[in-house]
Amino acid sequence: MEADIVDRVRQALAGKTPLQLRGGGSKDFYGRRAGGEILDLSAHRGIVSYEPSELVLTAKAGTPLAEIQAILAENGQMLPFEPPSFSPAATLGGMVAAGLSGPRRPWGGSVRDAVLGVKIVNGKGEVLRFGGQVMKNVAGYDLSRLMVGALGTLGVLLEISVKVLPRPAAEFTRAFELAPAAVAEKLAEWGRRPLPLSATCYHAGRLHVRLSGGRACLDGALALLGGEDADPALWPTLADQQLPFFQGEGPLWRIALPAAAPALNLPGECLVEWAGALRWLRTDLSAKALRQRVTSLGGHATLFRGGDEKSAVFHPLSPALLALHQRLKRALDPAGLFNPGRLYPEF
Amino acid sequence: MNPAFLSELRRALPASALLVEAEALHPYECDGLSAYRQVPLAVCLPDTLEQARAVLAACRTHQVPVVARGAGTGLSGGALPLADGVVLSLARFNRILAIDAENRLARVQPGVRNLAISEAAAPFGLYYAPDPSSQIACSIGGNVAENSGGVHCLKYGLTVHNLLALKVLTLDGELLEIGLEAPDSPGYDLLALMTGSEGLLGLVVEVTVKLLVKPERAQVVLAAFASVEAAGAAVADIIGAGILPAGLEMMDNLSIRAAEDFVHAGYPVDAAAILLCELDGANAEVSEQIMAVRDVLLKSGATEVRTAQDEAQRLKFWAGRKGAFPAVGRISPDYYCMDGTIPRRHLAGVLGRIAELSSQYGLRVANVFHAGDGNLHPLILFDANLPGEMDRAEALGADILRLCVEVGGTVTGEHGIGVEKLDASCSQFTPEELAQFHAVKAAFDPDGLLNPGKAVPTLHRCAELGRMHVRGGQLPFPELPRF
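Going line by line, the protein sequences match chains H and S. Everything in the first sequence is counted per this note's numbering, starting at 1 for the first residue and increasing by one. Everything in the second sequence is counted per this note's numbering, starting at 348 for the first residue and increasing by one.
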């Protein structure tokens, strides 16, 4: 299978025909539309190694995320960044390429934080390994983390090693009725204490908070927090965007901000995660006006779903950074084979 | 030195910021790896962005290589000067620009010391997590260049996990703003790429780091073992039990005795190995975890398990570990510190092989390591005044690193390749992988003037060495002639 993928890349290189890399297709909606022939990677699957006491799992990129999460759960472990799946077809490779983390991200780290090593095919049809299967490794440039969020534009992912973590002994979800101004205050107050927070979600006047940890530690934290018990099923539903907020056709924006940034004060409906650092906005506001406001607050905005697919889906880069992106793209994929235009129109 | 270049530097910098006299240059001839020394052409000490930019412009115009330098504490020769190059010291970029308690971040210049960030954050109940042993002296810019670790990486990550943004000057004077105070900045993860790039991709002029809330309590458990294997197995058992210690360190008998003689930490000197397991978090959580860890350790065959009775004893337990390197320095005229990482399951096997190599080379090896993340620091004891002994120490070190690669590890966990491990990294990467690294460097630095010759060996060097990567039974460099 690996040899087949390498062959396809070499043929594409010889024929100068771009390839559209595809795992389970669960995130086809994400990013700009890429040109090229589809290279289906979903058959390149299977867990290569997993030793729970090493806290490392290595699998082929086409392995379904669900398979990985199941084997981790059997061993009392988890992917600490709680990635969204959006569909049962989601793969490990797609998870890395999209680089999307779920509700636990501010406390458990992001996808890129957990990636330890990759095996890829670059645009010259060479099979390369970067990083490894160990937590600490500073040999060579960190090209494995560079693959995270690159949407496949730098190489075909073949194999990925990720750091995994023990599941918390217990988790509780609490809900609070709060006005928007009070939420920021609450979160700031909790943030100053060593509380075992592991997720927050604020929408339509209700703040949900998850706490994770040992029993003894949670008892104290719950007493301090107050609030009412709530359904923990909220979190996977939130990660996979199954909540009613996410339904419908209108544009959905994913806005990342410094956690303590003030309210967006933009028209539309908002849902806030990550203690304020991630704000989803449903709005018909123009991309330009929205990004102007977001940039002024030190953040960036992605047109996550809907809207004008031909517009800039990802926050525009400064001219200097864009030029560097193009040079890096050429360093890994000189012929521009992989997912051209998926990330930015220029490469 | 080319007079035109010199006069351009003089225009770029005030007289006090440009060193060219031999005696002024000597303090810069090496970093923490003092076995390698080289006096540079000049040392530049800019204290503004404009000065730094002008120095880079002069270097570019005259095609003079630039070696950036922080505090000079690096252990792999990353800041070793080049004979035909300048050293650009960031020592005067030493201001803490902002502590933002609300967003839990600090914006600092690269010459700020690692520990100074935590000190400045302390009044807000915050701290900066990565704590390399040199944290009292090493600079945050150097930490970024090396992706420095420390004893708390297993739980809190390396430098790369604790950065938010960088400002980076390119050789052509462009100021790149990489990363944001917001998460997941758009485009490629240049923040990760810059971290650990050893000064080969750009000059870091500003660093924004994450700050964490100080844990309510930290407590340490010391366990003694009759064999290194048993101690290694206990590490796997602790993690297998779902406990994530803040620090998990191991020392072998030679290190235990050296450390005990040095700091009187109260270590059991008859033990074949000890583990130090630190737990932190909320008070009740730490109590809960200590009980669990004690349980696991006893079941794993610990001959003795002690919990520090108070903060003084906790610090004493750590003093032995943190003083292990100087302690070994007291029992040997010289020592050579290695930095391989291995998958932990190979710990016992690798330590056994190191013992065999040690007797084969006739040199003692003391083993100190970050057991939680498999990062080994074997210390090879030797006497540089005895003819041939330094060469033997280096050869033994190379064998140990090759062994780390063989079992699926790496030649450097946290010290970097620098100049020291260029040869060793030939065994870790294929020629295609090395060529890819060189292509990435060229994307940032087409002139190849930023710290050239460090971090990534040339294909030619690896071929000459003949000590190369063999993967799948095929010798690399089939296109090159063999002698």
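C-beta: ideal position from N, C-alpha, C; glycine also. These figures come from a predicted structure and were not determined experimentally.
task = Label L380/S either buried or exposed according to how many other C-beta atoms from any shown protein chain fall within 10 Å of its C-beta, with 16 as the threshold for buried.
result = To locate residue 380/S, count along the second sequence from 1; it is residue 33. Looking at its Cβ environment, which holds 16 or more other Cβ atoms inside 10 Å, L380/S is buried.
inquiry  = Please report the straight-line C-alpha distance between A314/S and G795/S, rounded to a whole angstrom.
reply    = Missing from the structure shown is residue 314/S; chain S here goes from 348 to 830 and no further.
Chain-ordered neighbours of P194/H on chain S, where CB pairs are closer than 8 Å = Here residue 194/H refers to the residue found at position 194 of the first sequence. Within 8 Å Cβ-Cβ: V560, K561, P562, E563, G628, A629.
query = Whose C-beta lies closer than 6 Å to the C-beta of P799/S among residues of the same chain, with five residues either side of it excluded?
reply = Indexing the second sequence from 1 puts residue 799/S at position 452. Result list for P799/S: P412, in chain order.
Given P334/H as reference, the closest of A12/H, A3/H, M95/H once Cα atoms are compared = Here residue 334/H refers to the residue found at position 334 of the first sequence. P334/H has its Cα closest to that of A12/H, out of A12/H, A3/H, M95/H.
request  = Taking A418/S and S486/S to be in contact with their CB atoms under 8 Å, please state how far apart those CB atoms are, rounded to whole angstroms.
outcome  = The sequence position of residue 418/S within the second sequence is 71, counting from 1. The sequence position of residue 486/S within the second sequence is 139, counting from 1. Sure, about 4 Å apart at Cβ, within 8 Å.
message = Counting only Cβ pairs nearer than 8 Å, list the residues of chain H close to H634/S.
response = Taking the first residue of the second sequence as position 1, residue 634/S is located at position 287. Checking the displayed sequence, the identity of residue 634/S turns out to be Ser instead of His. What S634/S touches in chain H: A216.
ask   = Span of the alpha helix (DSSP H) holding D746/S?
value = Position 399 of the second sequence, counted from the start, is the residue given in the question as residue 746/S. First-last of the alpha helix (DSSP H) with D746/S: 736-753.
query = Which chain S residues are close to Q133/H, counting only those with a beta carbon under 9 Å from its beta carbon?
reply = Walking along the first sequence from the start, residue 133/H turns up at place 133. Near Q133/H (Cβ distances below 9 Å), the residues of chain S are P690, G755, G756.
request  = Report the partner residues of G213/H according to the DSSP bridge assignment.
outcome  = The count along the first sequence starts at 1 and reaches residue 213/H at position 213. For G213/H, which the question treats as bridged, DSSP gives the partners A170/H.
request  = Can you give me, in chain order, the residues of the stretch 733-749 of chain S that have a beta carbon less than 7 Å from any beta carbon in chain H?
outcome  = none
query = Can the beta-carbon of A239/H be found closer than 7 Å to that of N450/S?
reply = Here residue 239/H is taken as the residue at index 239 of the first sequence, counted from 1. Here residue 450/S is taken as the residue at index 103 of the second sequence, counted from 1. No, these two residues do not count as a Cβ contact at 7 Å.
inquiry  = Here's a check: name, in chain order, each residue in its chain whose Cβ is nearer than 8 Å to the Cβ of A371/S, leaving out the five neighbours to either side.
reply    = In the second sequence, counting from the first residue as 1, residue 371/S sits at position 24. Within the same chain, A371/S has close Cβ partners V390.
Residues near H300/H by beta carbon distance below 6 Å, same chain, minus five either side = Start at 1 with the first residue of the first sequence, and residue 300/H comes out as number 300. So the list reads A256, H315, once near-sequence residues are dropped.
task = Measure the C-alpha to C-alpha separation of H208/H and D231/H and round it to an integer number of angstroms.
result = If you number the first sequence from 1, residue 208/H lands on position 208. If you number the first sequence from 1, residue 231/H lands on position 231. Each residue's Cα considered, the two are about 9 Å apart.
request  = Please check the pair A139/H and S772/S, which I expect to be a contact at CB under 8 Å, by giving their CB distance rounded to whole angstroms.
outcome  = Here residue 139/H is taken as the residue at index 139 of the first sequence, counted from 1. Here residue 772/S is taken as the residue at index 425 of the second sequence, counted from 1. Yes, A139/H and S772/S are in contact; Cβ-Cβ is about 6 Å, under 8 Å.
key: CB contact below 7 Å: I586/S versus chain H   = Locating residue 586/S in the second sequence gives position 239, where the first residue counts as 1. At least one chain H Cβ lies under 7 Å of I586/S.
request  = Report the rounded CA-to-CA distance for I688/S versus A448/S, giving the unit in angstroms.
outcome  = Against the second sequence, residue 688/S aligns to sequence position 341. Against the second sequence, residue 448/S aligns to sequence position 101. One point to set straight first is that residue 688/S is Thr, not Ile, in the sequence displayed. Roughly 35 Å separates the two Cα atoms.
inquiry  = Beta-carbon within less than 6 Å of H693/S's beta-carbon, same chain only, minus the 5 sequence neighbours each way: which residues are those?
reply    = Looking up residue 693/S in the second sequence gives position 346. Closer than 6 Å at Cβ, skipping near neighbours: V754.
ask   = Shorter than 7 Å from the beta carbon of Y503/S to some beta carbon of chain H?
value = Your numbering for residue 503/S matches position 156 in the second sequence. For Y503/S, the answer is no, since every Cβ of chain H falls outside 7 Å of its Cβ.
ask   = What residues of chain H sit near H499/S, judged by a beta carbon separation below 7 Å?
value = Against the second sequence, residue 499/S aligns to sequence position 152. In chain order: nothing, as chain H lies at least about 12 Å away.
ask   = Exposed or buried, what is F304/H when buried is set at 16 or more other beta-carbons lying within 10 Å of its beta-carbon?
value = Taking the first sequence and counting its residues from 1, the one referred to as residue 304/H is at position 304. Classification of F304/H: buried, given that the 10 Å Cβ count is 16 or more.
message = Classify E545/S: buried if its beta carbon has 16 or more other beta carbons within 10 angstroms, exposed otherwise.
response = Reading the second sequence from its first residue, position 198 is the one you call residue 545/S. It is buried - the Cβ of E545/S has at least 16 other Cβ atoms within 10 Å.
request  = Note down the Cα distance separating G808/S from Q566/S, rounded to an integer number of angstroms.
outcome  = Mapped onto the second sequence, residue 808/S falls at position 461. Mapped onto the second sequence, residue 566/S falls at position 219. Note that residue 808/S is Arg in the sequence shown, not Gly. R808/S and Q566/S: Cα-Cα distance of roughly 48 Å.
query = Can you give, in chain order, each stretch of the alpha helix (DSSP H) that sits fully within the stretch 196-261 of chain H and has at least 4 residues?
reply = 215-225, 234-239
query = Is G306/H near the ligand MG, going by C-beta to nearest heavy atom under 6 Å?
reply = Among the ligands in the structure shown, none appear at all, so the ligand MG cannot be discussed.
request  = Would you mind telling me which residues of chain C sit closer than 7 Å to I764/S, beta carbon to beta carbon, in chain order?
outcome  = The structure shown contains no chain C; its protein chains are H and S.
inquiry  = Is it the case that the stretch 673-692 of chain S contacts the stretch 644-661 of chain S, given that we only count it when at least three CB pairs across the two stretches are under 8 Å?
reply    = no
Within-7 Å CB hit, D478/S to chain H = On the second sequence, residue 478/S is found 131 positions in, with the first residue counted as 1. It does not: the Cβ of D478/S has no partner Cβ on chain H nearer than 7 Å.
ask   = Between L523/S and chain H, is there a C-beta pair that is closer than 7 Å?
value = As a first step, residue 523/S is located in the second sequence; it is residue number 176 there, counting from the start. Yes, L523/S counts as interfacial toward chain H.
message = Going by DSSP in three states, S363/S sits in which element: helix, strand or coil?
response = As a first step, residue 363/S is located in the second sequence; it is residue number 16 there, counting from the start. Helix.
query = Is it true that the CB of P196/H sits closer than 7 Å to the CB of A221/H?
reply = Counted from its first residue, the first sequence places residue 221/H at position 221. Counted from its first residue, the first sequence places residue 196/H at position 196. Taking 7 Å as the Cβ cut-off, A221/H and P196/H qualify as a contacting pair.
query = Is the shortest distance between the beta-carbon of S544/S and the beta-carbons of chain H less than 7 Å?
reply = Here residue 544/S refers to the residue found at position 197 when the second sequence is read from its first residue. So yes, S544/S belongs to the interface.
message = Taking the alpha carbon of R744/S as the reference point, which residue from L723/S, L733/S, P734/S, E761/S has its own alpha carbon closest?
response = Against the second sequence, residue 744/S aligns to sequence position 397. The question names Arg, but residue 744/S is Gly in the sequence shown. The shortest Cα separation from G744/S among L723/S, L733/S, P734/S, E761/S belongs to L723/S.
query = Looking at chain H, which residues of the stretch 793-815 of chain S have a Cβ within less than 7 Å of any of its Cβ atoms?
reply = V803
task = Pull out every residue of the stretch 450-464 of chain S whose Cβ sits closer than 9 Å to any Cβ of chain H, in chain order.
result = N450, R451, L452
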